[in-house]
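Colleague:
Number of protein chains: 2
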Amino acid sequence: MALIVQKYGGTSVGSVERIGAVADRVIRARQAGDDVVVVVSAMSGETNRLIDLAKQIQERPCERELDSLIATGEQVTTALLSMALQKRGQKARSYTGAQVKILTDSAFNKARIQSIDTHVITDDLKAGRVVVVAGFQGVNANGDITTLGRGGSDTSAVALAAALNADECQIYTDVDGVYTTDPRVEPRARRLDQITFEEMLEMASLGSKVLQIRSVEFAGKYNVPLRVLSSFADGPGTLITLEDEVVEQAVISGIAFNRDEAQLTVNGVPDSPGVAYSILGPVAESNIEVDMVLQNTGRDGTTDFTFTVQHVDYEKALGIVREQAEKLGAREVSGNTKIVKISLVGVGMRSHAGIAAKMFKVLADEQINIRMISTSEIKISVVVDDKYLELAVRSLHEAFELDAPIASIG
Amino acid sequence: MALIVQKYGGTSVGSVERIGAVADRVIRARQAGDDVVVVVSAMSGETNRLIDLAKQIQERPCERELDSLIATGEQVTTALLSMALQKRGQKARSYTGAQVKILTDSAFNKARIQSIDTHVITDDLKAGRVVVVAGFQGVNANGDITTLGRGGSDTSAVALAAALNADECQIYTDVDGVYTTDPRVEPRARRLDQITFEEMLEMASLGSKVLQIRSVEFAGKYNVPLRVLSSFADGPGTLITLEDEVVEQAVISGIAFNRDEAQLTVNGVPDSPGVAYSILGPVAESNIEVDMVLQNTGRDGTTDFTFTVQHVDYEKALGIVREQAEKLGAREVSGNTKIVKISLVGVGMRSHAGIAAKMFKVLADEQINIRMISTSEIKISVVVDDKYLELAVRSLHEAFELDAPIASIG
Numbered sequence: 001m002a003l004i005v006q007k008y009g010g011t012s013v014g015s016v017e018r019i020g021a022v023a024d025r026v027i028r029a030r031q032a033g034d035d036v037v038v039v040v041s042a043m044s045g046e047t048n049r050l051i052d053l054a055k056q057i058q059e060r061p062c063e064r065e066l067d068s069l070i071a072t073g074e075q076v077t078t079a080l081l082s083m084a085l086q087k088r089g090q091k092a093r094s095y096t097g098a099q100v101k102i103l104t105d106s107a108f109n110k111a112r113i114q115s116i117d118t119h120v121i122t123d124d125l126k127a128g129r130v131v132v133v134a135g136f137q138g139v140n141a142n143g144d145i146t147t148l149g150r151g152g153s154d155t156s157a158v159a160l161a162a163a164l165n166a167d168e169c170q171i172y173t174d175v176d177g178v179y180t181t182d183p184r185v186e187p188r189a190r191r192l193d194q195i196t197f198e199e200m201l202e203m204a205s206l207g208s209k210v211l212q213i214r215s216v217e218f219a220g221k222y223n224v225p226l227r228v229l230s231s232f233a234d235g236p237g238t239l240i241t242l243e244d245e246v247v248e249q250a251v252i253s254g255i256a257f258n259r260d261e262a263q264l265t266v267n268g269v270p271d272s273p274g275v276a277y278s279i280l281g282p283v284a285e286s287n288i289e290v291d292m293v294l295q296n297t298g299r300d301g302t303t304d305f306t307f308t309v310q311h312v313d314y315e316k317a318l319g320i321v322r323e324q325a326e327k328l329g330a331r332e333v334s335g336n337t338k339i340v341k342i343s344l345v346g347v348g349m350r351s352h353a354g355i356a357a358k359m360f361k362v363l364a365d366e367q368i369n370i371r372m373i374s375t376s377e378i379k380i381s382v383v384v385d386d387k388y389l390e391l392a393v394r395s396l397h398e399a400f401e402l403d404a405p406i407a408s409i410g
Numbered sequence: 411m412a413l414i415v416q417k418y419g420g421t422s423v424g425s426v427e428r429i430g431a432v433a434d435r436v437i438r439a440r441q442a443g444d445d446v447v448v449v450v451s452a453m454s455g456e457t458n459r460l461i462d463l464a465k466q467i468q469e470r471p472c473e474r475e476l477d478s479l480i481a482t483g484e485q486v487t488t489a490l491l492s493m494a495l496q497k498r499g500q501k502a503r504s505y506t507g508a509q510v511k512i513l514t515d516s517a518f519n520k521a522r523i524q525s526i527d528t529h530v531i532t533d534d535l536k537a538g539r540v541v542v543v544a545g546f547q548g549v550n551a552n553g554d555i556t557t558l559g560r561g562g563s564d565t566s567a568v569a570l571a572a573a574l575n576a577d578e579c580q581i582y583t584d585v586d587g588v589y590t591t592d593p594r595v596e597p598r599a600r601r602l603d604q605i606t607f608e609e610m611l612e613m614a615s616l617g618s619k620v621l622q623i624r625s626v627e628f629a630g631k632y633n634v635p636l637r638v639l640s641s642f643a644d645g646p647g648t649l650i651t652l653e654d655e656v657v658e659q660a661v662i663s664g665i666a667f668n669r670d671e672a673q674l675t676v677n678g679v680p681d682s683p684g685v686a687y688s689i690l691g692p693v694a695e696s697n698i699e700v701d702m703v704l705q706n707t708g709r710d711g712t713t714d715f716t717f718t719v720q721h722v723d724y725e726k727a728l729g730i731v732r733e734q735a736e737k738l739g740a741r742e743v744s745g746n747t748k749i750v751k752i753s754l755v756g757v758g759m760r761s762h763a764g765i766a767a768k769m770f771k772v773l774a775d776e777q778i779n780i781r782m783i784s785t786s787e788i789k790i791s792v793v794v795d796d797k798y799l800e801l802a803v804r805s806l807h808e809a810f811e812l813d814a815p816i817a818s819i820g
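Below is the structure:
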């Protein structure tokens, strides 16, 4: 008998019918002999409805009040799911984050979990109950309601699984697992049976938004086996595990890409200490998130400095950079929004030389010009013109043997 | 500087605009130098929306889960009102029933308040904040969310006022006070400046549903001055006070009536001990609420037994009574749904003989036949055919000098 934590997102509980389907799925796990703790999000649309009410009153509402407001969304779902379980003859109890003492810091809207008091849950499980917990929320030491930020229900589920020493944390979504790349770009993309936490982190941060990144970090840190599954179809999903548990490891696990990047370049900056800070400092102070950063030595004692930001921040960043470039006496500032970042991810590349070389050759063979390159221990990212996205992904997918076998395709 | 508890019902907070108007009203009280604690209901329609969701899942949902579900309604309002106050520059904080520890028993859906921990509220008031508390809800000793039953926000407000030793508890509704009778029946009905708790109890239980009856009992018990006012218009409202504080007391304060009564009569029951129980016992066991009960000695060692129930229970009660009447060997069972109960209420009638006689004469002069009479210390009730309702109320209103002076009309 295992202890499973299951998490269902807003779409999975978006109507009373879907809540009923979730109840059926939970009961199947119970019938298989497992104890089940369920973490739920607000019904889809509900959080936005509440935020909209708040914004009608105040453009920037007090964060404490906003958290108390939107936390009601998950509370509603827990009660409804608990009723749906009881209707099917399964004993169940719902809890808010405060009731199971998911203690967080006081950073309203983006609180971090500090501890969970599990004794209420454990007692209920012993009594044969399914425990339904509101995701996304907690309580600070003063008793104020806090929320963990968008997607925080994943984090709630992982934290509960860690605190309860659960055998598996199952994240039910609208996809049936983690894929080698986006199937909308490469129809031969294949569901991975397993992937390591580190690979998953790289995939998630690169735009494969299956899981909230903080929940993956959390799961890795506390060694909680995490599984991504579909709440609309049966199947084994993708298991996210520690590296040493992976038996047969492909060199490359997947190809991630991110369309939402824009590039800014300052050419011919006099190369002196503090140049990078002079440019990026004011950008960061304006709360603009910077992704890739590259600096190359140029000619004549000058340097070329490039970084990428999200599209939404591009114009603002360009203004700041132009101002700084003038102060620094740089030669030229340029920018480009028509780019895409493509990344190979795989823990296997640590022990395999030549992955980068092979990647560059594949792109060269397709006449795709590389604008930027950045590497880390388990990933290689390139920036190319966005028109090459599909061509690049498909070529790499085939070259690194990620394609599904022909026989298994629909 | 006084401490005022203000309570706003669902209609008063039914939209973001109305929540804004409530914020304005709260701030006026602050500007007058008073400390203010606000108790709010769910936005109108919200509780029914949530109950409807629950009923789609389960016809009779678990009461614990239902309470957790519907308690979100008030929580939403508290956060929104707190934001509206902050937007206007007034410091404010919202609290759920659990957060201010409104401790109740575990009778879900109809819990009773046992204690309130006021130190959080007191600290906030000292810091210059308006405290916004969710009405209708509390928490039991296990930490489960409870609700007090429909209209329970009034009770929350009175209990908070009692615990905080507030100077006044103001209940804002869609009427501007307590009237001598229903203005829709008698246009010359007059707003009372004050009324005693006992009179208010009789008025409320007789169908003048301005306040939840339990809140009036509570206010009387703890001697909390209670005022009923309109949230849509300015005015002094009606103050509900202890009898000995009433300076100038009219003999009759008002005329209440109840259209929702049906009469059942058993004639010719052999008059032996236990007859009343034989008839009413099975009725009560079927959860039918009985209002008036009369028993008259009849002829030939038999007795006539009459009682009234709500219309909705009439058919069911009739079936039970027929069965019992047969067992008891009664002569006849009859019933009547076309009746109305009219009551004169006033603490002054204690010291004034002849009120009943005057009432019966007024009705006789209008040729109105009285079917039943029942009296208590501060009220006299008669049951008459429902077609006489308006005539009876207007005649009594004039005869007992309750009419508004002509000059003040329209």
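Line by line, the protein sequences are chains A and B. Numbering of the first sequence is given in my numbering, commencing with residue 1 and proceeding in unit increments. Numbering of the second sequence is given in my numbering, commencing with residue 411 and proceeding in unit increments. The beta-carbon is built from N, C-alpha and C at its ideal position, and this holds for glycine as well. Just so you know, these numbers come straight off a predicted model, no measurement behind them.
What do you get for B:TYR687, buried or exposed, if any count of 16 or more other CB atoms within 10 angstroms of its CB means buried?
Modeller: exposed
Colleague: Less than 8 Å between CB atoms is the rule here; does A:LEU50 satisfy it with respect to chain B?
Modeller: yes
Colleague: For B:THR457, which residues in the same chain have their Cβ closer than 7 Å to its Cβ, ignoring the five residues on either side in sequence?
Modeller: Closer than 7 Å at Cβ, skipping near neighbours: ILE480 and GLY483.
Colleague: Please state whether the Cβ-Cβ distance between B:VAL793 and B:GLU608 is less than 8 Å.
Modeller: no
Colleague: For B:ALA833 and A:ALA111, what's the separation of their Cα atoms in angstroms?
Modeller: It is not possible to answer for residue 833 of chain B, since the shown part of chain B is limited to 411 through 820.
Colleague: Can you have a look at B:ILE819 and say buried or exposed, based on whether 16 or more other CB atoms are within 10 angstroms of its CB?
Modeller: Its pLDDT being 37, under 50, B:ILE819 is placed unreliably by the model, and nothing is read from it.
Colleague: Along the stretch 139-167 of chain A, where does the CB come closer than 7 Å to a CB of chain B? Name the residues.
Modeller: GLY143
Colleague: Give the range of the beta strand (DSSP E) segment to which B:SER640 is assigned.
Modeller: 636-640
Colleague: From A:SER44 to A:THR77, what distance separates their C-alpha atoms?
Modeller: Their backbone Cα atoms lie some 10 Å apart in a straight line.
Colleague: Would you mind giving the Cβ-Cβ distance between A:MET292 and A:MET372, rounded to the nearest angstrom? I have them listed as a contact below 8 Å.
Modeller: The beta-carbon distance between A:MET292 and A:MET372, rounded to whole angstroms, is 6 Å. This is short enough to meet the 8 Å contact definition.
Colleague: Unbroken beta strand (DSSP E) runs of length 3 or more, entirely within the stretch 379-406 of chain A: which are they?
Modeller: 379-385
Colleague: For the stretch 486-500 of chain B, enumerate the residues whose C-beta is nearer than 8 Å to any C-beta of chain A, in chain order.
Modeller: VAL486, THR488, ALA489, LEU490, SER492, MET493, ALA494, GLN496 and LYS497
Colleague: Could you confirm whether any beta carbon from chain B is found closer than 8 Å to the beta carbon of A:ILE19?
Modeller: Chain B, which has a Cβ nearer than 8 Å to the Cβ of A:ILE19, makes this yes.
Colleague: Leaving aside the five residues before and after B:HIS807 along the sequence, list all residues of the same chain whose C-beta is less than 8 Å from its C-beta, in chain order.
Modeller: In chain order, THR590, THR591, GLU596, ARG598, ALA599, ILE665 and ASP813 place their CB closer than 8 Å to the CB of B:HIS807, counting only its own chain and leaving out the 5 sequence neighbours on each side.
Colleague: Give me the Cα-Cα distance between B:PRO593 and B:SER805, rounded to the nearest whole angstrom.
Modeller: 14 Å
Colleague: Using a Cβ-Cβ distance under 8 Å, would B:ILE531 count as near chain A?
Modeller: Chain A has no Cβ within less than 8 Å of the Cβ of B:ILE531.
Colleague: Indicate whether B:THR556 and B:ASP477 have their beta-carbon atoms separated by less than 8 Å.
Modeller: yes
Colleague: To the nearest whole angstrom, what separates the beta carbons of B:LEU649 and B:ASP603, a pair I think is in contact under 8 Å?
Modeller: 7 Å
Colleague: Using only the alpha-carbon positions, how far apart do A:MET359 and A:HIS352 sit?
Modeller: 13 Å
Colleague: Check whether the Cβ of A:PRO183 lies closer than 8 Å to any Cβ atom in chain B.
Modeller: no
Colleague: Between B:ILE581 and B:LEU636, is the Cβ-Cβ spacing less than 8 Å?
Modeller: yes
Colleague: Among all the DSSP beta bridges, which residues are the ones paired with A:MET372?
Modeller: A:VAL383
Colleague: In whole angstroms, what is the alpha-carbon distance linking B:GLU725 and A:LYS126?
Modeller: In this structure, the alpha-carbon of B:GLU725 lies about 47 Å from that of A:LYS126.
Colleague: Using the beta-carbon count (16 or more within 10 Å), is A:VAL340 buried or exposed?
Modeller: buried
Colleague: Which one of A:LEU280, A:GLY235 and A:ASP304 has the shortest CA to CA distance from A:ASN267?
Modeller: A:ASP304
Colleague: Name the two residues that bound the continuous alpha helix (DSSP H) containing A:VAL347.
Modeller: Element bounds for A:VAL347: n/a, residue is neither H nor E.
Colleague: What are the complete alpha helix (DSSP H) segments, minimum 4 residues, inside the stretch 272-318 of chain A?
Modeller: 275-285
Colleague: Taking DSSP's pairing of strands, which residues face A:PHE257 in a bridge?
Modeller: A:ILE342
Colleague: Could you pull out every residue in the same chain whose Cβ sits closer than 6 Å to the Cβ of B:GLN777, ignoring the five residues on either side in sequence?
Modeller: Excluding positions up to five away in sequence, the list is empty.
Colleague: How would you list, in chain order, the residues of chain B whose beta-carbon sits under 7 Å from the beta-carbon of A:THR72?
Modeller: THR482, GLN485 and VAL486
Colleague: Name the DSSP bridge partner or partners of B:THR675?
Modeller: B:THR716 and B:SER744
Colleague: Excluding the five sequence neighbours on either side, which residues of its own chain have a C-beta within less than 8 Å of the C-beta of B:ASP663, listed in chain order?
Modeller: In the sequence as displayed, the identity of residue 663 of chain B is Ser instead of Asp. Around B:SER663: THR590, LEU602, ILE605, THR606, GLU609, MET613, VAL755, GLY756, VAL757 and GLY758.
Colleague: Smallest Cα separation from B:SER784: which of B:ASP577, B:THR716 and B:VAL542?
Modeller: B:THR716
Colleague: Would you mind stating whether A:ALA92 and A:GLN86 have Cβ atoms separated by less than 8 Å?
Modeller: yes
Colleague: Assuming A:ILE279 contacts A:GLN310 (C-beta within less than 8 Å), just tell me the rounded distance between them.
Modeller: In fact, because the Cβ distance is near 17 Å, the residues do not count as touching under 8 Å.
Colleague: Thinking C-beta only, is B:PHE546 closer than 8 Å to B:SER563?
Modeller: Closer than 8 Å, so yes.
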